[in-house]
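A.B. asks: First residue of the sequence shown: 1, per UniProt numbering; consecutive thereafter.
Okay, handing you the structure first.
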Amino acid sequence: MQEAIKITKEHLNSETASKYLMEKWTDWRWQIKNTIRKVETVEKILGIKFSDEKRDEIKKTIEKFPMAITPYYLSLIDSDDYENDPVFKQCFPSIKELTISPFDMADPLSEDKDSPVHGITHRYPDRVLFHVSNVCSMYCRFCTRKRKVGDVDSIPSKDMILEGIEYIKNTPTVRDVLLSGGDPFLLPDEQLDWILEQITQIPHVEVVRIGTRTPVVLPYRITDNLIKVLKKYDNLWINTHYNHPRELTKTSRNALKKLANAGIPLGNQSVLLRDINDCPRIMKKLVHKLVANRVRPYYLYQCDLSEGLEHFRTNVGKGIEIMESLRGHTSGFAVPTYVIDAPGGGGKIPIMPNYLISWSTDKVVLRNYEGVITTYKMPDSYEHTVCDLNCEECNLQLKLDNDEADLKPIGISRLLCDYDDDITLVPEDLERDQRNKDVEELEV
Numbered sequence: 001m002q003e004a005i006k007i008t009k010e011h012l013n014s015e016t017a018s019k020y021l022m023e024k025w026t027d028w029r030w031q032i033k034n035t036i037r038k039v040e041t042v043e044k045i046l047g048i049k050f051s052d053e054k055r056d057e058i059k060k061t062i063e064k065f066p067m068a069i070t071p072y073y074l075s076l077i078d079s080d081d082y083e084n085d086p087v088f089k090q091c092f093p094s095i096k097e098l099t100i101s102p103f104d105m106a107d108p109l110s111e112d113k114d115s116p117v118h119g120i121t122h123r124y125p126d127r128v129l130f131h132v133s134n135v136c137s138m139y140c141r142f143c144t145r146k147r148k149v150g151d152v153d154s155i156p157s158k159d160m161i162l163e164g165i166e167y168i169k170n171t172p173t174v175r176d177v178l179l180s181g182g183d184p185f186l187l188p189d190e191q192l193d194w195i196l197e198q199i200t201q202i203p204h205v206e207v208v209r210i211g212t213r214t215p216v217v218l219p220y221r222i223t224d225n226l227i228k229v230l231k232k233y234d235n236l237w238i239n240t241h242y243n244h245p246r247e248l249t250k251t252s253r254n255a256l257k258k259l260a261n262a263g264i265p266l267g268n269q270s271v272l273l274r275d276i277n278d279c280p281r282i283m284k285k286l287v288h289k290l291v292a293n294r295v296r297p298y299y300l301y302q303c304d305l306s307e308g309l310e311h312f313r314t315n316v317g318k319g320i321e322i323m324e325s326l327r328g329h330t331s332g333f334a335v336p337t338y339v340i341d342a343p344g345g346g347g348k349i350p351i352m353p354n355y356l357i358s359w360s361t362d363k364v365v366l367r368n369y370e371g372v373i374t375t376y377k378m379p380d381s382y383e384h385t386v387c388d389l390n391c392e393e394c395n396l397q398l399k400l401d402n403d404e405a406d407l408k409p410i411g412i413s414r415l416l417c418d419y420d421d422d423i424t425l426v427p428e429d430l431e432r433d434q435r436n437k438d439v440e441e442l443e444v
């Protein structure tokens with residue numbers, strides 16, 4: 001189906017269609033105002049008819065998880081085969097969403113738990129996620145934050161955003177701020193400009209990132225005025241969210257071109273989705289189209305354990321198969337990192353095929369994408385520079401200020417470093433620790 005054509009041709013005569021499409025269809029505010037929320041509207045636009053039973057199922061789903069589809073994104077659906085269409089599956093409700101697996105969670109990533117102040121998720125030592133908007137131009141059916149979809153009570157106020165900014169100001173370890181939501185690009189230009197100005201003025205903030213799906217589902221939002229705002233900030237990065245090659249239309253590519261020509265580095269985060277993109281050929285086509293438009297594939301996410309997403313999830317083995325089809329078979333910068341965002345707030349864990357087969361004291365055994373097995377010889381004599389955090393006297397000549405030098409690693413990195421005496425990571429509440437404690441109390 002041609003973009004913009006089918007949704008208008010039944011409502012406009014030929015004399016006014018061209019002017020209407022130019023002035024209205026390409027206006028992102030018009031797209032938002034005309035967001036499609038009713039099943040009957042979808043039927044009328046696509047020229048399809050659901051059975052009464054199917055319509056009832058869809059409406060039951062919408063009662064729990066609302067529907068919102070931009071006219072632009074709906075126009076990409078192939079109405080002749082809509083049930084298998086990857087665009088349709090990403091935006092249109094399914095009764096399967098009401099099937100809650102025993103392992104599903106409302107907040108699988110524990111974002112609310114790791115929130116020191118409203119809107120901030122601080123999980124990693126040097127970066128925070130800043131929820132500046134809970135409004136999206138479209139409700140993706142696989143959204144990990146489905147608990148907040150349509151929740152008008154959770155839209156951040158200016159005071160809440162100021163609270164998050166103050167937290168960042170008062171936490172000097174934060175050097176990277178990711179603006180997320182919702183979609184930050186659904187904020188007015190002036191408000192987004194104000195937020196960016198406030199954050200970039202904080203001395204210890206080195207990088208600001210924005211996660212947005214508007215180039216995919218609402219590309220007309222990338223206006224000249226928005227570009228003018230974004231160009232003011234030198235340390236800005238943008239991550240898009242394309243899941244399928246079909247989403248990279250001419251209109252969408254033009255939006256990416258505006259962002260890239262503004263000098264903004266672009267990355268992409270995809271979600272591995274069953275019966276949508278769980279195919280090595282589809283994923284390779286997607287990453288190729290992305291890099292051709294100056295967007296670097298960043299992450300390929302295993303679908304989260306949010307409520308009602310069981311029918312979207314694949315086996316992890318499928319993701320590894322896809323990675324095998326990319327590494328060595330295409331440009332290195334076209335290969336994303338396949339990750340599982342660990343349930344419970346463990347963060348992103350990379351999942352990759354095994355290329356390191358074995359190792360000994362003086363060599364490692366490796367295999368490449370073709371199955372060729374080779375060895376890499378270790379140096380006969382290697383003595384690393386022992387790090388005691390005294391950068392002033394280090395022969396590597398890396399002069400760090402005291403605040404940065406005093407940052408100590410956590411986890412496995414802490415066990416490997418030279419300047420920490422810990423030799424073991426011990427989980428809390430070990431059963432044997434409790435037994436020992438009970439014995440000690442009895443002896444006393």
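Glycine residues also receive a C-beta, built at the ideal position from the N, C-alpha and C atoms.
All of these numbers come straight from a predicted model, not from anything done at the bench.
So what does DSSP say about ASP153, is it helix, strand or coil?
C.D. replies: Along the sequence shown, one-based indexing puts residue 153 at 153. Residue placement at ASP153 cannot be trusted, given a pLDDT of 48 that sits under 50; what the coordinates show is reported in the next sentence. Correct three-state label for ASP153: helix.
A.B. asks: For LYS33 and GLU190, I'd like the C-alpha separation in whole angstroms.
C.D. replies: Here residue 33 is taken as the residue at index 33 of the sequence shown, counted from 1. Here residue 190 is taken as the residue at index 190 of the sequence shown, counted from 1. Near 20 angstroms, if we compare the C-alpha coordinates of GLU190 and LYS33.
A.B. asks: Among PHE333, PHE185, ALA255, which has the Cα closest to the Cα of LYS284?
C.D. replies: Walking along the sequence shown from the start, residue 284 turns up at place 284. Cα-wise, what sits closest to LYS284 is PHE333.
A.B. asks: From the DSSP secondary-structure annotation, give me the bridge partner or partners of HIS131.
C.D. replies: Counting from one through the sequence shown, the residue named residue 131 turns up at place 131. DSSP lists SER180 as partners of HIS131.
A.B. asks: How would you label TRP25, buried or exposed, when you count the other beta carbons within 10 angstroms and need 16 or more for buried?
C.D. replies: Locating residue 25 in the sequence shown gives position 25, where the first residue counts as 1. The residue is buried, with at least 16 neighbouring Cβ atoms inside 10 Å.
A.B. asks: Going by beta carbon distance, what residues of the same chain come within less than 8 angstroms of VAL316, once the five residues before and after it are set aside?
C.D. replies: Taking the first residue of the sequence shown as position 1, residue 316 is located at position 316. So the qualifying residues of the chain are GLN302, ILE340, ILE351.
A.B. asks: Would you kindly work out how many angstroms separate the C-alpha atoms of LEU425 and THR375, rounded to a whole number?
C.D. replies: Position 425 of the sequence shown, counted from the start, is the residue given in the question as residue 425. Position 375 of the sequence shown, counted from the start, is the residue given in the question as residue 375. Rounded to whole angstroms, LEU425 to THR375 spans 32 angstroms at the Cα level.
A.B. asks: By Cβ distance below 8 angstroms, which residues in the same chain neighbour HIS329 in space, the five residues on each side in sequence not counted?
C.D. replies: Here residue 329 refers to the residue found at position 329 of the sequence shown. Only LYS284, TYR369 meet the Cβ criterion.
A.B. asks: To which residues of the same chain is LEU273 closer than 7 angstroms at the C-beta, ignoring the five residues directly before and after it?
C.D. replies: Residue mapping note: residue 273 aligns to position 273 of the sequence shown, counting from 1. Excluding sequence neighbours, LEU273 sits near PHE142, ASN243, CYS303, PHE312.
A.B. asks: Less than 6 angstroms between C-beta atoms, sequence neighbours within five positions excluded: which residues of the same chain meet that for SER325?
C.D. replies: Here the question's residue 325 lines up with position 325 in the sequence shown. Here the set comprises PRO280.
A.B. asks: Taking 7 angstroms as the threshold (C-beta atoms), are LEU218 and residue 446 in contact?
C.D. replies: It is not possible to answer for residue 446, since the shown part of the chain is limited to 1 through 444.
A.B. asks: Are the beta-carbon atoms belonging to HIS131 and SER75 less than 7 angstroms from one another?
C.D. replies: The residue labelled residue 131 in the question sits at position 131 within the sequence shown. The residue labelled residue 75 in the question sits at position 75 within the sequence shown. Taking 7 angstroms as the Cβ cut-off, HIS131 and SER75 do not qualify as a contacting pair.
A.B. asks: With three or more beta-carbon pairs closer than 8 angstroms as the criterion, would you say the region 211-228 touches the region 116-123?
C.D. replies: No, they do not touch.
A.B. asks: Do the region 233-240 and the region 202-216 make contact, defined as three or more Cβ pairs closer than 8 angstroms?
C.D. replies: Yes, the region 233-240 is in contact with the region 202-216.
A.B. asks: Tell me whether the beta-carbon of GLY267 lies closer than 7 angstroms to the beta-carbon of TYR298.
C.D. replies: Counting from one through the sequence shown, the residue named residue 267 turns up at place 267. Counting from one through the sequence shown, the residue named residue 298 turns up at place 298. Contact: yes.
A.B. asks: Please determine, among ILE168, VAL291, LYS257, LYS318, the residue with the shortest C-alpha to C-alpha distance to GLN269.
C.D. replies: Reading the sequence shown from its first residue, position 269 is the one you call residue 269. Out of ILE168, VAL291, LYS257, LYS318, VAL291 has the C-alpha closest to the C-alpha of GLN269.
A.B. asks: Do you know whose CA, among SER133, ILE161, ILE165, SER157, lies nearest LEU186's CA?
C.D. replies: Numbered from 1 along the sequence shown, position 186 holds the residue referred to as residue 186. For the residues SER133, ILE161, ILE165, SER157, the minimum Cα distance to LEU186 belongs to SER133.
A.B. asks: Between the beta-carbon of CYS136 and the beta-carbon of GLY182, is there less than 7 angstroms?
C.D. replies: Indexing the sequence shown from 1 puts residue 136 at position 136. Indexing the sequence shown from 1 puts residue 182 at position 182. Contact: yes.
A.B. asks: DSSP state of GLN201, grouped into three classes?
C.D. replies: By 1-based counting over the sequence shown, the position of residue 201 is 201. Of the three classes helix, strand and coil, the one that applies to GLN201 here is coil, per DSSP.
A.B. asks: Could you check which residue in ARG145, LEU356, GLU166, GLU53 has the C-alpha nearest to that of GLN201?
C.D. replies: Position 201 of the sequence shown, counted from the first residue, corresponds to residue 201. If we check each option's Cα against that of GLN201, GLU166 comes out closest.
A.B. asks: The alpha helix (DSSP H) spanning SER252 covers which residue range?
C.D. replies: Counting from 1 along the sequence shown, the entry for residue 252 is found at position 252. 250-261 is the extent of the alpha helix (DSSP H) around SER252.
A.B. asks: Are the region 244-251 and the region 60-79 touching by the rule of at least three beta carbon pairs closer than 8 angstroms?
C.D. replies: Yes, the region 244-251 touches the region 60-79.
A.B. asks: May I ask you to report which of helix, strand or coil DSSP gives THR26?
C.D. replies: Sequence index remark: in the sequence shown, residue 26 carries index 26 (1-based). DSSP places THR26 in coil when its eight states are reduced to three.
A.B. asks: Grouping DSSP H, G and I as helix and E and B as strand, with all else coil, what is ASP341?
C.D. replies: Numbered from 1 along the sequence shown, position 341 holds the residue referred to as residue 341. Three-state DSSP puts ASP341 in a strand.
A.B. asks: With distance defined between alpha-carbon atoms, name the residue in GLU197, ASP104, PHE88 nearest to LYS169.
C.D. replies: Against the sequence shown, residue 169 aligns to sequence position 169. Ranking GLU197, ASP104, PHE88 by Cα distance to LYS169 puts GLU197 first.
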